[in-house]
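> Residue numbers (the working numbering): 77 to 509. Just so you know, even glycine gets a beta-carbon here, dropped at the ideal spot from N, CA and C.
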Amino acid sequence: MKKIAIAAIATLGLASVAQAAGPADVDASFYPYKAGVPTHPVAKPGAVIDASNVDQAKDVLDEASYMAIKSGWATFKVGATTSFELSPPYVDATKKNFASVKLGAKEGENLVGYVAGRPFPEEPSASDPRAGEKLGWNFKYGINWGDSAAISPFYWTYRNMNSGSVERVLKMSMHFLNFMHRTATDPKPNIEPNPTGMYRSIYVKVLEPQDVADTQLLIHRFEDDTQLDSAWLYLGFQRRVRKLSTGQITDAFLGSDLMIEDIEGYNGRNSDMHWNYKGTRNILMPYYAHNDMELATEYAEPNYKYIAFEGKGNCFPKITYQLRKVYEVEVVPVDPNHPISKRIMYFDAQTMGASRSVNYDRSGKLWKTFVIGKSLPDFHLPINKGSGIAIDDSFMMLDLQSQHCTTGQFKGQVDPSLSPPQRFNVDGLRSGN
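1) Is the beta carbon of Ala150 closer than 8 Å to that of Ala133?
2) Taking DSSP as the reference, what is the three-state secondary structure of Gly484?
3) Since I believe Thr158 is in contact with Gln398 (beta carbons under 8 Å), could you give me their beta-carbon distance rounded to a whole number of angstroms?
4) Do Ser495 and Ala225 count as a contact pair if the criterion is CB distance below 8 Å?
5) Please return the same chain residues whose Cβ sits closer than 6 Å to the Cβ of Ile82, not counting the five positions on each side in sequence.
6) Compare the beta carbon distance of Lys441 and Met473 with 8 Å and say whether it is the shorter of the two.
7) Quick one: is Pro362 near chain D, going by C-beta distance under 8 Å?
8) Which ranges would you report for the beta strand (DSSP E) in the segment 347 to 435 if only whole runs of at least 3 residues count?
9) Please return the same chain residues whose Cβ sits closer than 6 Å to the Cβ of Asp454, not counting the five positions on each side in sequence.
10) Please report the Cβ distance between Asp469 and Phe446, rounded to the nearest whole angstrom; I am assuming they are in contact, meaning their Cβ atoms lie under 8 Å.
11) Going by C-alpha distance, which of Phe471, Lys319, Ala127, Lys401 is nearest Gly112?
12) Please classify Met256: does DSSP put it in a helix, a strand, or coil?
13) What is the rounded straight-line gap between the Cα of Ser277 and the Cα of Asn129?
14) Let's see if you can read the secondary structure: which residues bound the beta strand (DSSP E) around Asp468?
15) For the beta strand (DSSP E) holding Ala571, just list the boundary residues, first then last.
16) From this set, Glu377, Asn214, Ala207, Glu209, which residue's C-alpha is nearest Thr170's C-alpha?
17) How many Å lie between Trp221 and Tyr353 at the Cα?
18) Mind checking who Trp308 pairs with in its DSSP beta bridge?
19) Any chance the segment 360 to 368 sits against the segment 306 to 323, with 3 or more Cβ pairs inside 8 Å?
20) Pick out whichever of His296, Leu283, Met335, Asp333 has its Cα sitting closest to the Cα of Leu311.
21) Can you tell me whether Pro117 is buried or exposed, with buried defined as 16 or more other CB within 10 angstroms of its CB?
22) Classify Lys153 as helix, strand or coil using the three-state DSSP reduction.
23) What three-state label does DSSP hand Gly98 in the structure shown?
24) Assess, as a yes-or-no matter, whether the segment 194 to 208 is touched by the segment 100 to 115 under the definition of 3 or more beta carbon pairs within less than 8 Å.
25) Which residue comes first and which comes last in the beta strand (DSSP E) that contains Thr445?
26) I'd like the span of the alpha helix (DSSP H) that includes Leu211, first residue to last.
27) Just the Cα atoms here: how many angstroms apart are Pro164 and Asp424?
28) For the candidate residues Glu299, Ala307, Gln314, whose alpha-carbon lies nearest to that of Ala289?
29) Assuming the contact rule is C-beta atoms closer than 8 Å, His251 and Arg499 should be a hit. Round their C-beta distance to whole Å, please.
30) Could you give the residue range of the beta strand (DSSP E) that holds Ile145?
31) Reducing DSSP to helix, strand and coil, say where Val113 ends up.
32) In angstroms with no decimal places, state the Cα-to-Cα distance between Ala126 and Lys394.
33) Kindly list the residues whose CB is nearer than 7 Å to the CB of Leu505, restricted to its own chain and excluding five residues on each side of it in sequence; keep chain order.
34) Please report the residue range of the beta strand (DSSP E) in which Val282 lies.
35) Kindly list the residues whose CB is nearer than 6 Å to the CB of Pro492, restricted to its own chain and excluding five residues on each side of it in sequence; keep chain order.
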């Protein structure tokens with residue numbers, strides 16, 4: 077009886093943790109720097125973290141960033157921490173709906189009562205065994221590109237890190253559309269008809285070079301997280317559409333260092349992973365103001381320049397890093413045959429963007445590191461001003477074992493006209509949407 081009583085008390089304690097969220101938690105979630113920004117004796121605005129002082133800044137770096145700087149491959153320039161305030165309709169939806177949201181009875185089950193906004197705005201607690209799972213749901217239903225946006229165009233460059241040679245450059249466009257839980261763009265809250273219950277779709281088209289031009293990828297993610305994603309690949313040179321098997325999303329995409337599953341930090345179902353909250357930290361994150369960076373000269377357009385790259389092999393974005401509050405989550409595949417044993421993902425506490433992740437191979441060795449640079453929208457293209465969307469602006473996927481990287485330079489646009497619903501139709505692949 078004593079053991080039963082203790083178990084009951086523990087259960088009540090966990091329940092109280094899960095039910096503790098209130099309006100103040102929402103405010104703290106979206107405005108974490110209202111009372112001040114994090115500070116560090118070495119990683120100060122204007123400082124440069126390099127091999128000479130990286131040990132004094134180790135506590136504000138993830139393992140892969142520390143390794144890269146310690147090895148002399150990269151330096152991190154520190155910028156001032158700035159608030160990336162999100163779209164007011166998304167924040168309002170959170171305030172209105174968070175109290176009704178509950179986890180499923182078991183890990184991997186769908187949420188109960190979710191409508192829109194951030195499902196779990198409360199601060200994660202180490203005493204809550206499902207805190208990591210809640211952060212995973214916050215990521216899935218995060219604002220990221222908002223209801224609709226496009227990266228058009230963007231450039232993927234394949235680089236040999238040791239020689240510095242550029243092996244290949246792909247020019248592409250990528251489009252995003254939320255079919256459900258929309259907060260800012262009509263129609264709201266859902267696009268109808270939606271007979272399959274699709275939550276979100278991603279469409280990618282290769283524009284250059286000629287040998288892979290017109291290759292297209294279409295992904296449908298469903299509201300029911302236990303339902304397998306549907307994904308199709310159109311190969312222009314074969315002129316046919318083929319449906320991808322589940323295993324193919326963990327293959328190298330178009331010969332790059334990325335898997336389809338890596339897109340946006342993690343592009344898969346929550347139910348495919350175990351989400352383990354490891355703690356809250358302040359670390360250097362790739363957040364900056366695009367227009368204040370020293371931009372690249374290649375691919376320049378009349379009113380836009382892309383982020384430049386530097387460091388060993390020109391694998392590292394030439395940006396400033398901000399000391400920001402993050403949630404560290406260990407993400408472990410349910411499938412033991414997955415090519416990685418785990419990801420350590422660092423979710424920005426304010427935006428819930430997965431701007432830093434570190435992948436480990438099946439043996440548990442450090443394998444790849446992923447950087448997604450985020451720009452303040454008001455220091456980017458005019459169309460992004462006032463959007464409340466942290467703009468995905470650059471990326472690096474570095475294979476530490478093979479000394480190879482794939483880098484990305486983006487022209488992100490929060491413009492619903494670039495991503496109409498018909499673009500995400502399977503039948504449209506042959507016509508190039």
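Result, derived from the coordinates:
1) Your numbering for residue 133 matches position 57 in the sequence shown. Your numbering for residue 150 matches position 74 in the sequence shown. Cβ distance not < 8 Å, so Ala133 and Ala150 don't count as in contact.
2) Along the sequence shown, one-based indexing puts residue 484 at 408. DSSP places Gly484 in strand when its eight states are reduced to three.
3) In the sequence shown, residue 398 corresponds to position 322, counting from 1. In the sequence shown, residue 158 corresponds to position 82, counting from 1. Gln398 to Thr158, Cβ: 7 Å. Contact.
4) Translated into the one-based positions of the sequence shown, residue 225 becomes position 149. Translated into the one-based positions of the sequence shown, residue 495 becomes position 419. Contact: yes.
5) The count along the sequence shown starts at 1 and reaches residue 82 at position 6. At Ile82, the pLDDT of 36 sits below 50, so the modelled position is not reliable and the matter cannot be decided from this model.
6) Here residue 441 refers to the residue found at position 365 when the sequence shown is read from its first residue. Here residue 473 refers to the residue found at position 397 when the sequence shown is read from its first residue. No; because the gap between Cβ atoms is not below 8 Å, this pair is not in contact.
7) Included in the structure is just one protein chain, with no chain D present.
8) 349 to 361, 396 to 409, 416 to 424
9) As a working note, residue 454 is residue 378 in the sequence shown. The residues are Lys461.
10) Walking along the sequence shown from the start, residue 469 turns up at place 393. Walking along the sequence shown from the start, residue 446 turns up at place 370. Their Cβ separation, rounded to whole angstroms, is 14 Å, which puts Asp469 and Phe446 out of contact at 8 Å.
11) Taking the sequence shown and counting its residues from 1, one reaches residue 112 at position 36. Comparing Cα positions, the closest option is Lys401.
12) Locating residue 256 in the sequence shown gives position 180, where the first residue counts as 1. Three-state result, Met256: coil.
13) For the purposes of this step, residue 277 is taken as the residue at position 201 of the sequence shown. For the purposes of this step, residue 129 is taken as the residue at position 53 of the sequence shown. Those two C-alpha atoms are separated by around 44 Å.
14) Here residue 468 corresponds to residue number 392 of the sequence shown, with the count starting at 1. Start and end: 467 to 475.
15) Residue 571 is absent from the structure shown; the chain starts at 77 and stops at 509.
16) Translated into positions along the sequence shown, residue 170 becomes position 94. That would be Asn214, whose Cα lies nearest to the Cα of Thr170.
17) To locate residue 221, count along the sequence shown from 1; it is residue 145. To locate residue 353, count along the sequence shown from 1; it is residue 277. About 24 Å.
18) In the sequence shown, the residue the question calls residue 308 occupies position 232. Trp308 is bridged to Leu294, Lys319.
19) no
20) On the sequence shown, residue 311 is found 235 positions in, with the first residue counted as 1. Closest by alpha carbon: Leu283.
21) Counted from its first residue, the sequence shown places residue 117 at position 41. Result: exposed.
22) Position 77 of the sequence shown, counting from 1, holds the residue named residue 153. Strand at Lys153.
23) Sequence index remark: in the sequence shown, residue 98 carries index 22 (1-based). In the structure shown, Gly98 sits in coil (DSSP, three-state: anything other than H, G, I, E or B).
24) yes
25) Your numbering for residue 445 matches position 369 in the sequence shown. That run of the beta strand (DSSP E) goes 442 to 451.
26) By one-based count along the sequence shown, residue 211 stands at place 135. First-last of the alpha helix (DSSP H) with Leu211: 207 to 216.
27) Counting from one through the sequence shown, the residue named residue 164 turns up at place 88. Counting from one through the sequence shown, the residue named residue 424 turns up at place 348. Taking the straight line joining both Cα atoms gives about 18 Å.
28) Working through the sequence shown from its first residue, we reach residue 289 at position 213. The residue with the shortest Cα to Cα distance from Ala289 is Gln314.
29) Here residue 251 refers to the residue found at position 175 when the sequence shown is read from its first residue. Here residue 499 refers to the residue found at position 423 when the sequence shown is read from its first residue. About 6 Å separates the two Cβ atoms, so the contact holds.
30) For the purposes of this step, residue 145 is identified with residue 69 of the sequence shown, where counting begins at 1. First-last for Ile145: 139 to 146, but that is the alpha helix (DSSP H), not the beta strand (DSSP E).
31) Sequence index remark: in the sequence shown, residue 113 carries index 37 (1-based). Reduced to three states, the DSSP call for Val113 is coil.
32) For the purposes of this step, residue 126 is taken as residue 50 along the sequence shown, with counting starting at 1. For the purposes of this step, residue 394 is taken as residue 318 along the sequence shown, with counting starting at 1. Sequence check: residue 126 is Asp here, not Ala. Taking the straight line from one Cα to the other gives about 14 Å.
33) Taking the first residue of the sequence shown as position 1, residue 505 is located at position 429. Only Gln292, Leu294, Trp308, Tyr310, Val317 meet the Cβ criterion.
34) Here residue 282 refers to the residue found at position 206 when the sequence shown is read from its first residue. 274 to 284 is the span of the beta strand (DSSP E), which, as asked, contains Val282.
35) On the sequence shown, residue 492 is found 416 positions in, with the first residue counted as 1. Cβ neighbours of Pro492 beyond the five flanking positions: Ser224, Thr261.
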